[in-house]
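Presented below is the structure to which this report refers.
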Amino acid sequence: MSRIGNKTITLPADVTVSQEGAVVTVKGPKGELSREIVSAITMNVEGTEVSFTRESDDNKTKALHGTTRANVANMVEGVSEGFTKTLKLVGVGYRAAKSGSKLTLSVGYSHPVVFEDREALTVEVPDALTIKISGISKQKVGDLAAEIRAVRSPEPYKGKGIRYEGEVVRRKEGKTGK
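Residue 7 is where the sequence shown starts when you use the working numbering, and the numbers rise one by one after that.
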């Protein structure tokens, strides 16, 4: 039984959910998101409640039941509140700078790493060691944050690299440590 899929989604006052065929559209104060859902899952909108039911109880359909409900819940949260990921740069000489539509990272390579702004995402650099990524799509925010983090992932010996805010990097002892 999918426990997540059986939970209902309560819509905020300024959010509307509609479905045309297999495409679900969520509109809110921050924007609009659309996503295609599987035909085996049925969405029911009753007032301010959205619920999901499935046709059969095979394992794949059960998994898609919970996933579909979670995706639509993330869409509702995105158009009403939005999502934010914060990255921290840890290392001597590591810094980030934003100029126009480009994010430039200096993270110990012989050249700076440059990222172009993405559609529907906002990238801010409040200080040289912090990057804030925000948008209405949880997937797009997470993808960009993961791409930036992959430029210089935190390493376990000195702890240097780009990490998510609040991420704990497990440190290892070096060769000389006892």
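Every residue, glycine too, gets a C-beta built ideally from N, C-alpha and C.
- Query: Span of the beta strand (DSSP E) holding ASP133?
  - Reply: 127-133
- Query: Which same chain residues, not among the five before or five after GLU61, have their C-beta less than 6 Å away from its C-beta?
  - Reply: ALA46
- Query: Counting pairs of beta carbons, one from the stretch 70-84 and one from the stretch 104-119, are three or more of them closer than 8 Å?
  - Reply: no
- Query: Using a Cβ-Cβ cut-off of 7 Å (strictly less than) and excluding sequence neighbours within five positions of MET81, which residues of its own chain qualify?
  - Reply: VAL32, LEU39, ARG41
- Task: Please report the Cβ distance between SER107 and GLU122, rounded to the nearest whole angstrom; I am assuming they are in contact, meaning their Cβ atoms lie under 8 Å.
- Result: 6 Å
- Message: With a threshold of 7 Å on Cβ separation, who are the neighbours of VAL98 within its own chain once the five nearest residues in sequence on each side are excluded?
- Response: none
- How many angstroms separate the CA atom of TYR170 from the CA atom of THR16? 30 Å
- Buried or exposed for VAL174, please, with buried defined as at least 16 other CB atoms from any protein chain shown within 10 angstroms of its CB. exposed
- Message: Can you give me the C-alpha to C-alpha distance between LYS205 and ILE43, rounded to a whole angstrom?
- Response: Here the chain has residues from 7 to 184 only, and residue 205 is not among them.
- Task: Enumerate in chain order the residues of its own chain whose CB-to-CB distance from VAL157 is below 8 Å, with the five nearest sequence positions on each side excluded.
- Result: LEU111, VAL113, VAL119, ILE168
- Can you name, in chain order, every residue of its own chain whose Cβ lies under 8 Å from the Cβ of GLU55, other than the five neighbours on each side? THR14, ILE15, THR16, LEU17
- Starting from VAL85, trace the alpha helix (DSSP H) both ways and give me its first and last residue. 65-86
- Message: On a Cα-Cα basis, can you pick out the residue from GLY84, ASP133, GLY53, PRO162 that is closest to GLY2?
- Response: Given a span of 7 to 184 for the chain in the structure shown, any question on residue 2 remains unanswerable.
- Near GLY165, which residues of its chain fall below 8 Å by C-beta distance, leaving aside the five closest residues on each side in sequence? VAL96, VAL175, ARG177
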